[in-house]
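J.: Protein chains in written order, with this note's numbering: chain A, 1 to 343; chain B, 344 to 686. Sharing a structure here in structure tokens format.
Number of protein chains: 2
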Amino acid sequence: MNLKELSRHLNLSQTTVSRALNGYPEVSEKTRKRVREAAEALNYSPNARAKSLATGRAHAIGHVIPISTKHEMVNPIFGDFVAGAGDTYARAGYEMVLSLVDDSREEDLYRQIRARGNVDGVVIHGPRMAEDRIPLLSELQLPFVVHGRASEVNTPYSWLDTNNTRAFARATRFLLDLGHRRIALINGLEHMDFAFRRREGFLSTLREAGLTADPALMRSSEMTEIYGYRSARDMLAHDTPPTAFLVASMITALGVRRAVHEAGLEMGRDVSVITHDDDLSYLKNGHDVPIFTATRSSVRDAGARLAEMLLDLIRDPGCGPLTELMEAELIIGSSTGPAPTKA
Amino acid sequence: MNLKELSRHLNLSQTTVSRALNGYPEVSEKTRKRVREAAEALNYSPNARAKSLATGRAHAIGHVIPISTKHEMVNPIFGDFVAGAGDTYARAGYEMVLSLVDDSREEDLYRQIRARGNVDGVVIHGPRMAEDRIPLLSELQLPFVVHGRASEVNTPYSWLDTNNTRAFARATRFLLDLGHRRIALINGLEHMDFAFRRREGFLSTLREAGLTADPALMRSSEMTEIYGYRSARDMLAHDTPPTAFLVASMITALGVRRAVHEAGLEMGRDVSVITHDDDLSYLKNGHDVPIFTATRSSVRDAGARLAEMLLDLIRDPGCGPLTELMEAELIIGSSTGPAPTKA
DNA sequence: ACCATCAGTCAAAGCGCTTTGGATGTCCGC
DNA sequence: GCGGACATCCAAAGCGCTTTGACTGATGGT
Chain A
1 MNLKELSRHL
11 NLSQTTVSRA
21 LNGYPEVSEK
31 TRKRVREAAE
41 ALNYSPNARA
51 KSLATGRAHA
61 IGHVIPISTK
71 HEMVNPIFGD
81 FVAGAGDTYA
91 RAGYEMVLSL
101 VDDSREEDLY
111 RQIRARGNVD
121 GVVIHGPRMA
131 EDRIPLLSEL
141 QLPFVVHGRA
151 SEVNTPYSWL
161 DTNNTRAFAR
171 ATRFLLDLGH
181 RRIALINGLE
191 HMDFAFRRRE
201 GFLSTLREAG
211 LTADPALMRS
221 SEMTEIYGYR
231 SARDMLAHDT
241 PPTAFLVASM
251 ITALGVRRAV
261 HEAGLEMGRD
271 VSVITHDDDL
281 SYLKNGHDVP
291 IFTATRSSVR
301 DAGARLAEML
311 LDLIRDPGCG
321 PLTELMEAEL
331 IIGSSTGPAP
341 TKA
Chain B
344 MNLKELSRHL
354 NLSQTTVSRA
364 LNGYPEVSEK
374 TRKRVREAAE
384 ALNYSPNARA
394 KSLATGRAHA
404 IGHVIPISTK
414 HEMVNPIFGD
424 FVAGAGDTYA
434 RAGYEMVLSL
444 VDDSREEDLY
454 RQIRARGNVD
464 GVVIHGPRMA
474 EDRIPLLSEL
484 QLPFVVHGRA
494 SEVNTPYSWL
504 DTNNTRAFAR
514 ATRFLLDLGH
524 RRIALINGLE
534 HMDFAFRRRE
544 GFLSTLREAG
554 LTADPALMRS
564 SEMTEIYGYR
574 SARDMLAHDT
584 PPTAFLVASM
594 ITALGVRRAV
604 HEAGLEMGRD
614 VSVITHDDDL
624 SYLKNGHDVP
634 IFTATRSSVR
644 DAGARLAEML
654 LDLIRDPGCG
664 PLTELMEAEL
674 IIGSSTGPAP
684 TKA
């Protein structure tokens, strides 16, 4: 069933039917009703390709997921992020198109996306500190919003980010107040902007307290469970092991917990652990009492907000760079406690 | 830059340029080369919407993700699955479009997808035992492949599934051979087909061994960490606690491990645990020695294969219902051991 | 009674591509 | 030197929609 058939069926022109369905005022309410009912009955929905060819809007948003060949990991936050964004899109009548791309061929891809024209905008995931996608997209005039920021990019652009620096500063402060002095940082890959900022929050807070960080207690890698396990296991085997861990993700924190238990220690008593918690739907940090003390920031909410920003930007490209900084809450669980006194 | 401009630039007709770029034989190699080079230089790529309007092929595949309002969880396997599928699509020049849908409005959505015509086929995720999407899509004549199966659907359809029954039967057998008699099953939601099959594998193996399952040792829910934790904690508090756990996912198994440790027990010595392992990139089951004994089946590979099947089906709709059953490997880790003798 | 206005409708052009059905020129065999 | 075969190219129609510009009656003010 297409427009031509429907209009013939109704003894109306395509113009009128189109206008009736799209809510234009120059068609009488009576015919509009008649058209609506016929469309419903005959199960007509307009062909999206034709529509977007005619209007120049694709009604779709692109998400480009970098799958580097070196780091094969798929970001576990992805599902929840997409769920949040998808919700917004669905409400606005937009679709979400995913492109996976090996990060070596990124530039080409974005140019193609632009030329092929089947999205009206894109969201950039996992920005690195120096993010060349940002100037590229600006040049291409393709609306975009970044999930995170790129510290080394100075031109304005739209982004939404968690206040990672502040979150990790607060967490560090919290551990210091509990008396911890040897605090380990199990961070994400530090060319990723979020990880860089978290380290800054950590280091600056230590500095303010007159402490210097021990490089042996700082790691940076992809945030897997194994990585957390190994890092914590190795560090706990030191002569002067850390009394606290600051960890970049729940998954990694689970690995840390494993190492802690394996060493015969208990979280919250012998060793304190704070983790960042993206509030993933399948990995809730406890229900009543959180397992981990954590800096929490819902990635699903972030997805929803980011999508809204991008849609705004598409509707009115002039509404200028939009930015939003989400604060993470520090929630207290049972994984932290006073630093053990050297008995 | 569009076709008209490009062809004018080359002093050729749109026809010739189009044919040159699409590899038709009726254009000389010399002009083809000239056209290719100009296209490259001017950064021309065809408008996908116009192309698909003209050809009737969208060169895109739809993935419909059910987000039920009751069960808000986003399936954690999603990221890896999509990475596998996306890889195949990218290679074939297809795009992936995601639609999230509240499962109450599913039928409408599929009809719309069909009518709007911006995908050439869809993959069905998370089939339930009685899956009405299957007859619906057959009726709509929209090519589709199911990730999993629907036990109560009798009409033929294309699917790719892990042999869940066999996997859990083998795991159960393995535990029985180690002397375990009280085995707990921490399963996924049992209206989901995969969970149903796993339970069947578990129960039938017990039956063969002349044992009957204790309902108090069987749970079924969304596969979160908390769920694993609570289930195991409760069960371990029984008068006659289980000596082994069969768990439906790694995430849930991490919760089980937490409960085991909290009870002062050790996995592999006091309590055995086997889990299903989807081989997620961010949750590898150990490197050299697996943490958990597990039935392993890569969901990323499944995504890649499924995508291939669907593309085949689209190229040649006649190539009939395609089906593929992947066997899970049983890998032995340190979480299992002989049943403790009642000393 | 007459023109301006306006609500309601329509035919046709256009979005950027593919593809059908020629048209043109070239080369060969006879 | 002529008809066919073949290679190479083209004009135009069509994909399903939106949108421009125009047309028709009815209404109302003077």
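C-beta atoms are modelled at their ideal positions from N, C-alpha and C, and glycine is treated no differently.
DSSP three-state label for Pro66/A, please.
T.: Pro66/A: strand per DSSP, three-state reduction.
J.: If the cut-off is 9 angstroms on Cβ atoms, which residues from the region 181–213 of chain A count as contacting chain B, listed in chain order?
T.: Of all residues in the region 181–213 of chain A, none has a Cβ within less than 9 angstroms of some Cβ in chain B.
J.: If Met96/A sits next to Ile61/A, beta carbons under 8 angstroms apart, how far is it from one beta carbon to the other, in whole angstroms?
T.: About 6 angstroms separates the two Cβ atoms, so the contact holds.
J.: Is Asn47/A close to chain B, meaning its C-beta is less than 8 angstroms from at least one C-beta of that chain?
T.: Yes, Asn47/A lies at the interface with chain B (some Cβ there is under 8 angstroms from its Cβ).
J.: Hey, Glu383/A and Arg296/A: beta-carbon distance below 8 angstroms or not?
T.: Lying before the first or after the last residue shown, residue 383/A is absent from chain A, which here runs from 1 to 343.
J.: Does DSSP classify Ser272/A as helix, strand or coil?
T.: Three-state DSSP puts Ser272/A in a strand.
J.: By the 10 Å Cβ neighbour count, where 16 or more other Cβ atoms means buried, how is Tyr24/A classified, buried or exposed?
T.: With fewer than 16 Cβ atoms within 10 Å of its Cβ, Tyr24/A is classed as exposed.
J.: Excluding the five sequence neighbours on either side, which residues of its own chain have a C-beta within less than 8 angstroms of the C-beta of Glu533/B, listed in chain order?
T.: Phe539, Arg542, Ser563, listed in sequence order.
J.: Whole angstroms is fine: what's the gap from Ala54/A's alpha carbon to Ala92/A's?
T.: For Ala54/A and Ala92/A, the distance between alpha carbons rounds to 19 angstroms.
J.: Between the alpha carbons of Val82/A and Arg269/A, how many angstroms are there, rounded?
T.: Between Val82/A and Arg269/A, the C-alpha separation is close to 37 angstroms.
J.: Leaving out five residues before and five after Leu521/B in sequence, what residues of the same chain have Cβ atoms less than 8 angstroms from its Cβ?
T.: Hits under 8 angstroms: Ala587, Ser615, Thr679, Gly680, Pro681, Ala682.
J.: Give the interface partners of Ala307/A over in chain B, defined as CB-CB distance under 8 angstroms, in chain order.
T.: Under the 8 angstroms cutoff, chain B gives no residues; its nearest Cβ is about 11 angstroms from Ala307/A.
J.: What number of angstroms, rounded off, separates the C-alpha of Val407/B from the C-alpha of Gly607/B?
T.: Between Val407/B and Gly607/B, the C-alpha separation is close to 44 angstroms.
J.: If we cut at 8 angstroms on Cβ distances, does Tyr453/B have a partner in chain A?
T.: With 8 angstroms as the cut-off, Tyr453/B does not count as an interface residue toward chain A.
J.: When the distance is taken between beta carbons, is Met250/A closer than 8 angstroms to Val260/A?
T.: Cβ distance not < 8 angstroms, so Val260/A and Met250/A don't count as in contact.
J.: At 8 angstroms on the CB atoms, spell out the chain A contacts of Val632/B, in chain order.
T.: By Cβ distance, chain A contributes nothing, its closest Cβ being about 11 angstroms from Val632/B, past 8 angstroms.
J.: Go ahead and label Ala237/A buried or exposed: buried means 16 or more other beta carbons lie within 10 angstroms of its beta carbon, across all protein chains shown.
T.: Exposed: under 16 other Cβ atoms inside 10 Å.
J.: For Phe174/A and Phe194/A, I'd like the C-alpha separation in whole angstroms.
T.: Each residue's Cα considered, the two are about 20 angstroms apart.
J.: Going along the chain, which residues of the region 109–137 of chain A sit with their C-beta nearer than 7 angstroms to a C-beta in chain B?
T.: Listed in sequence order: Arg111, Gln112, Ala115, Arg116, Gly117, Asn118.
J.: Please confirm if Ser494/B has its CB atom under 8 angstroms from at least one CB of chain A.
T.: Output row for Ser494/B: interface = no.
J.: Does the pairing of the region 492–512 of chain B with the region 447–455 of chain B give three or more beta-carbon distances under 8 angstroms?
T.: The answer is no - the region 447–455 of chain B does not touch the region 492–512 of chain B, with fewer than three Cβ pairs under 8 angstroms.
J.: Give the interface partners of Lys284/A over in chain B, defined as CB-CB distance under 9 angstroms, in chain order.
T.: Those within 9 angstroms of Lys284/A in chain B are Thr567, Glu568, Ile569.
J.: Alpha carbon to alpha carbon, what distance is there between Leu353/B and Glu380/B?
T.: Spanning the two alpha carbons is a distance of roughly 11 angstroms.
J.: Within 10 angstroms of the Cβ of Ile314/A, are there 16 or more other Cβ atoms? Answer buried if so, exposed if not.
T.: Its Cβ being crowded by 16 or more others within 10 Å, Ile314/A is buried.
J.: Starting from Asn530/B and walking both ways along the alpha helix (DSSP H), at which residues does that stretch end?
T.: Element bounds for Asn530/B: not the alpha helix (DSSP H) but the beta strand (DSSP E), 526–530.
J.: Should Ile675/B be labelled buried (16 or more other beta-carbon atoms within 10 Å of its own) or exposed?
T.: The residue is exposed, with fewer than 16 neighbouring Cβ atoms inside 10 Å.
J.: In chain B, what lies closer than 7 angstroms to Met73/A by C-beta?
T.: In chain order: Ser624, Tyr625.
J.: Over the uninterrupted beta strand (DSSP E) stretch that includes His147/A, give me the two end residues.
T.: Unbroken beta strand (DSSP E) run through His147/A: 144–147.
J.: Given a cut-off of 8 angstroms, decide if Ile526/B and Thr515/B are closer than it, judged by their beta-carbon atoms.
T.: Yes, they are a contact pair.
J.: Closer than 8 angstroms by beta-carbon distance: list the chain A residues that pair up with Ala433/B, in chain order.
T.: Going along chain A in sequence order, the residues near Ala433/B (Cβ under 8 angstroms) are Ser99, Leu100, Val101.
J.: Can you tell which of Thr431/B, Tyr572/B, Glu670/B has the C-alpha that lies nearest to the C-alpha of Arg509/B?
T.: Arg509/B has its Cα closest to that of Glu670/B, out of Thr431/B, Tyr572/B, Glu670/B.
J.: Counting only beta-carbon atoms, is Gly79/A nearer than 8 angstroms to chain B?
T.: Yes, Gly79/A counts as interfacial toward chain B.
J.: Starting from Glu95/A, find everything on chain B with Cβ-Cβ shorter than 8 angstroms and list it in chain order.
T.: Chain B residues near Glu95/A: Val440, Leu441, Ser442, Asn461.
J.: Could you tell me which of Ala575/B, Asp557/B, Ser677/B, Arg362/B sits nearest to Lys394/B, measuring between CA atoms?
T.: Checking every option, the nearest Cα to that of Lys394/B belongs to Arg362/B.
J.: In chain order, what residues of the region 251–278 of chain A put their CB closer than 8 angstroms to some CB of chain B?
T.: So the close ones are Ile251, Leu254, Arg257, Arg258, His261.
J.: From what residue to what residue does the beta strand (DSSP E) around Thr636/B run?
T.: That run of the beta strand (DSSP E) goes 636–639.
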